[in-house]
Amino acid sequence: GDGVVTDDWTMAAGDLPRDRWALATYRGEIALRPLNAATNALTFSIAPRIVTALITFSPGGHWLAIRHREELGIWDTAPGVTGATQRLAFAAQPWAGRHHFSFTKIAFTPDDRAVLWIDGESIVATSLPGGAELARWRGAETSAPGWEAIAIDPSGKFFVAARSGETVVELR
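Just so we're aligned: 4 in our numbering is position 4 of the sequence shown, and the numbers increase by one with no gaps anywhere.
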């Protein structure tokens, strides 16, 4: 396309296959556009929720993780008969209270069927699209502050998690 102008690149995200990208406004307008297109393939609103950051697409591009202030929202952006379904599949409040936001505190499984996210001292696996909690891990006892980052290996069999201030990671 002709390029994009934005004042805040935390409001933009590209999918891993590099087929499309999303751009959002604070007031909840979302636009999805194929990478080399001059026009949007889909626009939708998530109002009354606001957007404070577009976090990431899932590996298959089905889901878009969005930060709504203290809330994490996982939105369905899969093409349907009339475009994306724009359905909120799952919402949680992992950044409430003393917990701070980070782009590294969420990871989708390679098959797009679940999302891992940090909930204080726990790592939670949640099914998609149902939103059911599949598992919760607390990790080894430590005096270090809570989890800071998670990542899933490409096979989806393992994940790794790191705490702030520690030089070791946990592999599950």
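Glycine residues also receive a C-beta, built at the ideal position from the N, C-alpha and C atoms. Because the structure is a prediction, the values reported are computed rather than measured.
Assumed close pair residue i, residue j - CB separation to whole angstroms, cut-off 8 Å
| i | j | result |
| --- | --- | --- |
| residue 125 | residue 135 | 4 Å |
| residue 90 | residue 60 | With 8 Å as the limit, residue 90 and residue 60 do not qualify as a contact, their Cβ atoms being about 16 Å apart. |
| residue 107 | residue 151 | 6 Å |
Which listed residue (the options) has its alpha carbon closest to that of residue i
| i | options | result |
| --- | --- | --- |
| residue 155 | 137, 115 and 111 | 111 |
| residue 149 | 15, 55, 89 and 102 | 102 |
| residue 133 | 146, 118 and 44 | 118 |
| residue 26 | 45, 20 and 14 | 45 |
| residue 100 | 159, 59, 72 and 157 | 72 |
| residue 17 | 166, 168, 47 and 58 | 58 |
| residue 93 | 113, 120 and 166 | 120 |
| residue 86 | 108, 47 and 122 | 47 |
| residue 36 | 123, 20, 88 and 42 | 20 |
| residue 146 | 24, 43 and 104 | 104 |
| residue 115 | 96, 75 and 171 | 75 |
| residue 40 | 28, 56 and 23 | 23 |
Start-to-end residues for the beta strand (DSSP E) that takes in residue i
| i | result |
| --- | --- |
| residue 96 | Note, residue 96: premise wrong, no beta strand (DSSP E); not H, not E. |
| residue 77 | Residue 77 -> no beta strand (DSSP E), and no H or E assigned at all. |
| residue 34 | 29 to 34 |
| residue 62 | Segment: none, residue 62 is in no beta strand (DSSP E) and carries neither H nor E. |
| residue 167 | No beta strand (DSSP E) contains residue 167, which DSSP labels as neither H nor E. |
| residue 20 | 20 to 24 |
| residue 14 | 12 to 14 |
_With a threshold of 8 Å, are at least 3 pairs of Cβ atoms found where one atom belongs to the region 66 to 77 and the other to the region 35 to 53?_
Yes: at least three Cβ pairs fall under 8 Å.
*Stretch-stretch touch, CB-based, cutoff 8 Å, three pairs: the region 22 to 39 with the region 110 to 128*: No: the two stretches stay apart, fewer than three of their Cβ pairs being nearer than 8 Å.
*Where in the region 94 to 134 do unbroken runs of the beta strand (DSSP E), each at least 3 residues long, occur, reported from the N-terminal end onward?*
If one requires a minimum length of 3 residues, the beta strand (DSSP E) runs lying completely within the region 94 to 134 are 106 to 108, 114 to 119 and 122 to 127, in chain order.
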